[in-house]
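Going down the list, the sequences are from chains A and B.
Start counting the first sequence at 1; every next residue gets the next number (the working numbering).
Start counting the second sequence at 1001; every next residue gets the next number (the working numbering).
Below: the structure, in structure tokens.
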Amino acid sequence: MAGQAILGDTVLKSAIAMEAAAPTVETLVADHSRMVFRIAYSILRNHHDAEDAAQECFLRVWKHKDRLHEISNAKTWLARIAWTTALDKRRSSRAMGSLSVVSLSDEQSGAELAQSIPDLTVAADQQLASAQMQQMLERLVVRLPEDLRNTLELSTIQELNSAEIAEVMKIPEGSVRTRLFRARKQLKEKLAILLERKKNG
Amino acid sequence: MADQEKDRKMQIDDMLDSLLANYSSAEPRVGLETRILTNLRAAEEKKESQGWWNFKWLWAGAVAAVIIVAAVLISGRHRVEPPTHVIVKTSPAVPQPEIQPHAPVKNNETAGIHHRKPSTVPTRRQNATLALNERPAVFPTPTPLSEQEKLLLSYLAGTPREEMIAQSHPDEPPVVGDQDQTEAIPDLMHIPQKVSNTR
């Protein structure tokens, strides 16, 4: 009799624990809304659009609120939804012509980029923190190949490590590292070219 | 020279690291969580209200269908039946002459024409055929004589033929004046008409 009571108590406790472990939409919002916003921002580069994407992401989550207990890793699941939502939004924006992609081989745009590089004689920290440099980096990232760009953008999210990025993108972790290496290499080459142009006037 | 190149590469490396570190460091506006939750609640309420409206429209549709069916049944019950005592001789369908096309239609002329679907409503030709089928053998339909007609027939049976012929002629016009005056009026038909070409 006492054994049955103990067994029943254990089952009840485990059921309560499972119930507590299953995330709700509210807890997901409380825990991960900032990460979702940053993922969206890394792709859309705009506060307003990023917040819209975050709202849309949680609306998509809310549609699956009855199946949240089936999710093993809520963070990466949510990150993937945020990533796909932001990518959809970026594609639709591009389709509407709000983004213009210019090749770096274009002499004129290359000259414009070189002009946007601030004077390196000033303190490095100030230069790096400047909005001009950030804009220049954004323009360089835009010109990366799609796969490298997506991986690089996700890698800038502090909340995600390479394993989680791999899970979000549904690719092996090794591929994430390879893509990051290639993306950084291309960016460094382009930065070097731009700095050289700036130096030569 | 090599040191300079190495320094430059390191400088670019550091620059890139710093830039990428700040690439997604944007902070959302204050109250993002609240706005998201408010939006979710609004969506939930909207869904609930939409569900209720759908349910309401379902009921309205069902009621409308019942009303239409009832109206059709009632109108069918009050339909005027044709008289059954009239014997109608149904003759076989009169073959209607086929309307021959005046000229062969070119394919390119009919290319852009959308052909109508065959409708269930009877066409004018079908109506004419139906009317021919239902035409009685004797027209007008024989009906029993009225009292007036019976009296007329009995009168005709008892009256001699000469009297009937005499009655069928119109009465002569009454004499208005003297015979002399009537004779004084010349017959206009016999007066020679002067033909004059000068006008």
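From the three backbone atoms N, C-alpha and C, an ideal C-beta is built for every residue, glycine too.
The alpha-carbon of Ala1021 of chain B is positioned some 32 Å away from that of Leu68 of chain A.
DSSP places His32 of chain A in the uninterrupted alpha helix (DSSP H) bounded by 25 to 44.
When the five nearest sequence neighbours on each side are left out, the beta carbons in the same chain lying within less than 8 Å of the beta carbon of Arg184 of chain A are those of Leu152, in order along the chain. Beyond the five residues adjoining it in sequence on each side, Ala54 of chain A comes within less than 6 Å, by CB distance, of Val36, Phe37, Ala40 in the same chain, given in chain order. In the DSSP assignment, Lys170 of chain A falls outside any alpha helix (DSSP H), carrying neither H nor E. Rounded to the nearest whole angstrom, the C-alpha separation of Leu148 of chain A and Ser72 of chain A is 28 Å. Around Ser1024 of chain B, the beta-carbon contacts reaching into chain A at under 7 Å are Arg38, Tyr41, Ser42, Thr156, Ile157.
Around the CB of Arg45 of chain A, 16 or more other CB atoms lie within 10 Å, so the residue is classed as buried. Residue burial is scored here from C-beta neighbours: Pro145 of chain A has fewer than 16 other C-beta atoms within 10 angstroms and is therefore classed as exposed. A direct Cα-to-Cα measurement between Ala1065 of chain B and Leu1058 of chain B gives close to 11 Å.
Met1015 of chain B carries a helical assignment under DSSP once its states are collapsed to helix, strand and coil.
By a beta-carbon distance limit of 8 Å, Lys188 of chain A contacts Leu1016 of chain B. Their separation comes to about 6 Å. Against chain A, a Cβ distance below 9 Å from Asp1013 of chain B picks out Arg184, Lys188. Residue environment analysis places Ser1154 of chain B among the exposed positions, since fewer than 16 neighbouring C-beta atoms fall within 10 angstroms of its C-beta.
For Glu1033 of chain B, at least one C-beta of chain A is nearer than 8 Å to its own C-beta. DSSP places Tyr1155 of chain B in the uninterrupted alpha helix (DSSP H) bounded by 1147 to 1158. Rounded to whole angstroms, the gap between the alpha carbons of Val25 of chain A and Arg90 of chain A is 25 Å. Counted as a single uninterrupted DSSP element, the alpha helix (DSSP H) harbouring Leu148 of chain A occupies residues 146 to 155. Ala1043 of chain B belongs to the set of residues whose beta carbon lies under 8 Å from a beta carbon in chain A. Judged by DSSP in its simplified three-state form, Ile71 of chain A adopts coil rather than helix or strand.
For Arg80 of chain A, the CB contacts under 6 Å within the same chain, skipping 5 residues up- and downstream, are Val168 in chain order. Cα atoms of His1169 of chain B and Pro1160 of chain B: separation of roughly 15 Å, rounded to the nearest angstrom.
When rounded, the separation of the alpha-carbon atoms in Asp88 of chain A and Ala50 of chain A is 12 Å.
Assignment of Thr1129 of chain B by DSSP, reduced to helix, strand and coil, places it in the helix class. Counting only the Cα atoms, Met136 of chain A lies some 24 Å from Gln1004 of chain B. A residue is called buried once 16 or more other Cβ atoms fall within 10 Å of its Cβ, and Ile1036 of chain B is buried on that count. The shortest CA-to-CA distance from Asn1039 of chain B to any of A:Glu138, A:Thr85, A:Val29 is the one to A:Val29.
Interface with chain B (8 Å Cβ-Cβ cutoff): His47 of chain A is included. Interface flag for Leu59 of chain A against chain B is set, since a Cβ pair is found closer than 8 Å. By alpha-carbon distance to Tyr1023 of chain B, the top candidate from A:Asn200, A:Glu173, A:Ile193, A:Ser42 is A:Ser42. Contact check for Ala95 of chain A and Ile1012 of chain B: beta-carbon distance about 35 Å, past the 8 Å limit, so the pair fails to qualify. Listed in chain order, the beta strand (DSSP E) elements of length 3 or more contained wholly in the stretch 1001 to 1075 of chain B amount to none. Closer than 8 Å to the CB of Met133 of chain A there is at least one CB belonging to chain B.
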